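Undergrad: Residue numbers (full-length UniProt numbering): 1 to 308.
Note that the Cβ used here is the ideal one computed from N, Cα and C, for glycine as well.
What you are looking at is a predicted structure, and each value in this text was computed from that prediction instead of being measured.
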Amino acid sequence: MSTVASIIVSIAEEMRTASERGTVANYIPPLARVDLNRFGMAVVGMDGETHTVGDAEVPFSVQSVSKVFSLSMALNAMGDELWGRVRQEPSGSAFNSIVQLENEHGIPRNPFINAGAIVIADILVSRYGRENAQTRLLEFLRPLVSDPSSIDIDTDVARQERETGFRNMALANYMRTFGNIRNVVEDTLDFYFHQCALTMSCHQLAQVGTCLMTGGRNPLTGERVMSERNAQTILALMMMCGHYDGSGAFAIRVGLPGKSGVGGGILAIAPGVASIAVWSPGLNAQGNSLLGTRALERLVQHTGWSVF
Ligand code: DON
1 MSTVASIIVS IAEEMRTASE RGTVANYIPP LARVDLNRFG MAVVGMDGET HTVGDAEVPF
61 SVQSVSKVFS LSMALNAMGD ELWGRVRQEP SGSAFNSIVQ LENEHGIPRN PFINAGAIVI
121 ADILVSRYGR ENAQTRLLEF LRPLVSDPSS IDIDTDVARQ ERETGFRNMA LANYMRTFGN
181 IRNVVEDTLD FYFHQCALTM SCHQLAQVGT CLMTGGRNPL TGERVMSERN AQTILALMMM
241 CGHYDGSGAF AIRVGLPGKS GVGGGILAIA PGVASIAVWS PGLNAQGNSL LGTRALERLV
301 QHTGWSVF
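Below you can see the structure in the form of structure tokens.
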């Protein structure tokens, strides 16, 4: 892993000087005011060896990267029955698209588009209750990181998500007409908005990702946090759907399962090798981190970590 340290330093230098940086999400002020020049990266290997560069310790809004964690919890809670409420297929549409729901009985294509993640949130609210689902989410994440108390939910971001989340409200209400949202829509969305508002650093995200790198175990404790099959399922979905209508291009350029968020974070997993998180807040046209993707592409070019 020692060469990884120098590789990520050179990647950070390339990204620092990049002129085209994408655009920060601007639908709520806490995202809109993030400095476009931020860049961080963290890599955790199978032996726990960790390399970080740039702003790797700076907390940011993980947004849709959280959909990986909520899916992990819902699969743990419900198993394969879950696939009756959300499918396992790429959507080819924008992350917040409503268009497929009408012809497909209110069943979202996958758990990573907003509609699918709202169904997952509904499942967790049914299982744990609206407030307790947040506690459970934090309890799932905290044992995986070395500084557990610093992972939190930014309630101000959650409130602003709610105040501006008209599209998500439409998706949830529409799916409710098909019976695919079972709770009061506001309760399901309350949990969804809070999971989006999770605040973590690249270092913490990479640490949480280690449970997918290992096939379902927490390498810090040796405990199993999900079955091997569920870990494989989640990685396959990350590869096919983790970047929405940019998933195909991401798979070709990077060759690793990855999940993005509009905060500019990406979690990528090299199975059995490394868990990687990158943060650059400027987004491309699909709402995925522009330089984050380029940084992962460079890392894989230098390490040969592509799964293909
Ligand atoms: O619900 C939303 O639309 C946002 N809170 C999260 C979307 C997101 O992160 C899409 N990812 N790139």
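Restricting to Cα atoms, I'd like to know which of Q88, V225, Q160, F166 is closest to F69.
TA: Of Q88, V225, Q160, F166, the residue nearest in Cα terms is V225.
Undergrad: Who are the Cβ neighbours of E57 in its own chain at under 7 Å, not counting the five residues just before and after it?
TA: Cβ neighbours of E57 beyond the five flanking positions: S201, H203.
Undergrad: What is the rounded straight-line gap between the Cα of L212 and the Cα of F39?
TA: Computed Cα separation, rounded: 24 Å.
Undergrad: Could you tell me the alpha carbon to alpha carbon distance between S275 and Q207, rounded to whole angstroms?
TA: About 7 Å.
Undergrad: Kindly confirm or deny that the region 168-186 and the region 140-153 touch, where touching means at least three C-beta pairs closer than 8 Å.
TA: Not touching, per the Cβ criterion.
Undergrad: Would you kindly work out how many angstroms separate the C-alpha atoms of I113 and Y244, rounded to a whole number?
TA: Rounded to whole angstroms, I113 to Y244 spans 7 Å at the Cα level.
Undergrad: Can you pull the DSSP bridge partners for K67?
TA: In DSSP, K67 forms no bridge with anything.
Undergrad: For the ligand DON, list every residue whose C-beta falls under 6 Å from any of its heavy atoms, going in chain order.
TA: This selection yields Q63, S64, F95, N96, N114, E161, N168, C196, S260, G261, V262, G287, N288.
Undergrad: So is F250 buried or exposed if we call it buried at 16+ other beta carbons inside 10 Å?
TA: It is buried - the Cβ of F250 has at least 16 other Cβ atoms within 10 Å.
Undergrad: Leaving out five residues before and five after G106 in sequence, what residues of the same chain have Cβ atoms less than 6 Å from its Cβ?
TA: Excluding positions up to five away in sequence, the list reads M175, F178, N180.
Undergrad: Go ahead and pull the three-state DSSP assignment for I107.
TA: Three-state result, I107: coil.
Undergrad: Closest to N173 by C-alpha separation, out of I118, E297, N218, A231, would be which residue?
TA: When each option's Cα is compared against that of N173, the closest is I118.
Undergrad: List the endpoints of the continuous beta strand (DSSP E) containing S275.
TA: Start and end: 274-279.
Undergrad: Can you give me the Cβ contacts of M1 inside the same chain, cut-off strictly under 6 Å, excluding the 5 residues immediately before and after it?
TA: Summary for M1: the model assigns pLDDT 45, below 50, so the residue's position carries little reliability; its value from the coordinates is reported in the next sentence. If we look at M1 and ignore the five residues flanking it on each side, its Cβ neighbours are G45, E49.
Undergrad: Let me know the secondary structure DSSP gives R33 once reduced to three states.
TA: Here R33 sits in coil by DSSP.
Undergrad: Cutting at 6 Å between CB atoms, please list the residues of its own chain near Q63, excluding the five before and the five after it.
TA: The residues are C196, G261, V262, G263.
Undergrad: Please determine, among P219, S146, G116, the residue with the shortest C-alpha to C-alpha distance to R85.
TA: Taking only the C-alpha atoms, the option nearest R85 is G116.
Undergrad: Can you grab the Cα-Cα spacing for the pair R16 / A277, in whole Å?
TA: So the alpha carbons of these two residues sit roughly 17 Å apart.
Undergrad: Buried or exposed for T52, going by 16 or more other Cβ atoms inside 10 Å?
TA: Buried, because 16 or more other Cβ atoms sit within 10 Å of the Cβ of T52.
Undergrad: Going straight from the alpha carbon of F166 to that of L189, what length do you get?
TA: If I take the Cα positions, the gap works out to 11 Å.
Undergrad: Using only the heavy atoms of the ligand NAD, determine whether one of them is closer than 7 Å to the beta carbon of T210.
TA: Here the bound small molecules are the ligand DON; the ligand NAD is not part of this structure.
Undergrad: Span of the beta strand (DSSP E) holding S260?
TA: Element bounds for S260: 258-260.
Undergrad: State whether the region 132-143 contacts the region 84-100, with contact taken as three or more CB pairs (one from each stretch) at a distance under 8 Å.
TA: The region 132-143 is not in contact with the region 84-100.
Undergrad: Measuring only the C-alpha atoms, how far is I123 from F193?
TA: Cα to Cα, I123 sits roughly 15 Å from F193.
Undergrad: What did DSSP end up calling I151 once you bin it into helix, strand or coil?
TA: Here I151 sits in coil by DSSP.
Undergrad: What are the boundary residues of the beta strand (DSSP E) that A270 is part of?
TA: A270 -> beta strand (DSSP E) spans 265-270.
Undergrad: Could you check what DSSP says for T52 in three-state terms: helix, strand or coil?
TA: In this structure, T52 counts as strand in the three-state DSSP scheme.
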